[in-house]
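Numbering (full-length UniProt numbering), first residue to last: 1 to 288. For every residue, glycine included, the Cβ atom is placed at its ideal position computed from N, Cα and C. These notes are about the structure you will find just below.
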Amino acid sequence: MAILVIGATGKTGRPVVDALAARGAKVAAASRNPEAGRELPDGVTPVRFDWADRTTWTSALEGAEALYIVGPYAHPTGERLVADLLAEAHDTHRVVLLSVIGAELLPVEAMMAHWERAVRASGKEWTILHPNWFFQNFGTGFLPSLRDRGVLQLPAGDAPVSFVDTRDIGEVAAAALTEDGYAGQVLTITGPDSLSHGEAVAMLSEASGRPLAYKPVEPEQAEANSRAAGVSERTIIAQRGLFQVIRDGGNAPVTDVVQRVTGHAPRSFAQYAAEHADLWRDATNSTN
Ligand SMILES: NC(=O)c1ccc[n+]([C@@H]2O[C@H](COP(=O)([O-])OP(=O)(O)OC[C@H]3O[C@@H](n4cnc5c(N)ncnc54)[C@H](OP(=O)(O)O)[C@@H]3O)[C@@H](O)[C@H]2O)c1
1 MAILVIGATG KTGRPVVDAL AARGAKVAAA SRNPEAGREL PDGVTPVRFD WADRTTWTSA
61 LEGAEALYIV GPYAHPTGER LVADLLAEAH DTHRVVLLSV IGAELLPVEA MMAHWERAVR
121 ASGKEWTILH PNWFFQNFGT GFLPSLRDRG VLQLPAGDAP VSFVDTRDIG EVAAAALTED
181 GYAGQVLTIT GPDSLSHGEA VAMLSEASGR PLAYKPVEPE QAEANSRAAG VSERTIIAQR
241 GLFQVIRDGG NAPVTDVVQR VTGHAPRSFA QYAAEHADLW RDATNSTN
């Protein structure tokens with residue numbers, strides 16, 4: 001079965017591609033710049049796909065019997081595009097959508113509700129993934145602040161979050177894309193423990209041997225900082241919802257989905273921190 005992975009260069013897309021390749025699946029790895037991509041595993045073909053350029057959709061979708069979708073979260077009219085894509089996906093009978101834990105509590109600006117509705121109404125076999133926040137944020141988006149200033153500041157309070165490794169998300173997605181038995185399911189994917197951001201940063205500090213701190217900020221201050229940095233109003237509203245869900249405890253539950261689907265325990269944050277300890281040591285390291 002040929003599987004098109006949208007967002008194949010991203011935090012979940014890469015491990016989805018890797019997990020599918022490990023299963024021997026035929027994979028098309030979609031990116032706006034496929035020629036600039038990493039060396040891909042055997043059986044994986046790079047293809048050009050841009051949510052903002054519909055002329056790329058037809059050839060990317062050709063022969064794609066299953067689809068992994070990272071939605072157009074940064075597109076100004078992204079709420080409509082998943083439905084539009086699925087209407088053009090004539091060869092596709094199975095869809096796995098990346099959403100987020102607590103999606104049902106988010107404002108419409110987060111767009112997840114639109115995408116989930118589109119997938120459910122598509123007439124295709126669908127599975128919706130509700131992962132918690134990724135370990136890998138600490139090595140990408142959160143990295144500059146941690147590495148350069150030794151501090152992470154977020155409006156997450158001290159609420160617990162069952163952060164998850166995107167490699168586990170990749171394995172769950174690969175199972176849902178290639179095996180029967182996941183149609184019509186919403187899978188809430190979490191790590192093995194609930195940690196506050198402070199506890200997580202303390203583990204990075206211990207692994208890297210460098211003092212690092214988490215400082216909660218007030219939501220209003222975080223929004224003012226985002227506005228000053230030129231972040232769009234829509235993204236600010238979406239972020240407001242995401243952090244509200246965290247502060248309300250919505251990201252705390254731990255599920256058995258990784259164990260149940262993959263047959264192994266979810267990776268731990270301590271393991272992730274130890275594997276990537278160099279990232280947080282000094283300013284010369286790049287992202288993982
Ligand atoms: N970060 C978290 O903790 C977390 C947790 C749960 C859910 N999510 C959800 O995961 C999604 C991805 O967020 P992320 O920050 O983790 O990003 P990401 O997946 O690491 O990176 C974005 C991916 O989207 C692709 N992309 C961006 N614009 C595109 C476009 N116009 N057309 C086609 N592909 C495009 C990029 O590919 P190219 O640059 O190669 O084109 C890249 O592969 C969001 O919907 C977010 O809500 C995130």
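Got a sec, what are the start and stop residues for the beta strand (DSSP E) I3 sits in?
-> 2-5
Cβ separation of F135 and F163, assumed to be a contact under 8 Å, to the nearest whole Å = 5 Å
Taking contact to mean at least 3 C-beta pairs separated by less than 8 Å, is the segment 234-254 in contact with the segment 143-162?
-> yes
For P46, the nearest candidate out of T9, P15, D53, A52 (CA to CA) | T9
Give every residue of the same chain whose Cβ lies closer than 8 Å to the Cβ of V70, excluding the five residues on either side of it in the sequence, and list them in chain order.
-> I6, G7, G10, T12, G13, L98
Inter-residue Cα distance where the pair is P211 and F138 | 15 Å
Going by alpha carbons, who is nearest to Q185 out of A175, R281, A2, S194?
-> A175
Simplified DSSP assignment, three categories, for D50 | strand
One or two residues paired with residue 289 in a DSSP bridge = In the structure as shown, the chain starts at 1 and stops at 288, and residue 289 therefore has no counterpart that could be examined.
Please classify F138: does DSSP put it in a helix, a strand, or coil?
-> helix
Which listed residue (A66, V172, W280) has its alpha carbon closest to that of R260 = V172
Beta carbon of P107 nearer than 8 Å to that of I237 | yes
Below 8 Å CB to CB, which residues in the same chain sit around G43 once its five sequence neighbours on both sides are set aside?
-> A21, G24, A25, K26, V27
Can you name, in chain order, every residue of its own chain whose Cβ lies under 7 Å from the Cβ of P34, other than the five neighbours on each side?
-> P46, V47, R48
Compute every distance between the C-beta of V70 and the non-hydrogen atoms of ligand 1, then say whether any falls below 7 Å.
-> yes
Range of the contiguous beta strand (DSSP E) that encloses I128 | 125-131
Please look up how many angstroms separate the CB atoms of T92 and A64, rounded, as I've assumed it's under 8 Å.
-> 5 Å
Could you tell me whether the Cβ atoms of Y214 and G198 are closer together than 8 Å?
-> yes
Any non-hydrogen atom of ligand 1 closer than 7 Å to Y73 Cβ = yes
Beta carbon of L105, beta carbon of G250: below 8 Å?
-> yes
Is the number of C-beta pairs between the segment 74-85 and the segment 111-118 that are closer than 8 Å three or more?
-> yes
In chain order, what residues of the same chain have a beta carbon less than 8 Å from the beta carbon of E57, not counting five sequence neighbours either side?
-> Looking at the sequence provided, one finds Trp at residue 57 rather than Glu. Closer than 8 Å at Cβ, skipping near neighbours: F49, L85, E88.
Report the partner residues of A21 according to the DSSP bridge assignment.
-> Looking at the DSSP assignment, A21 forms no beta bridge with any residue, so it has no partner.
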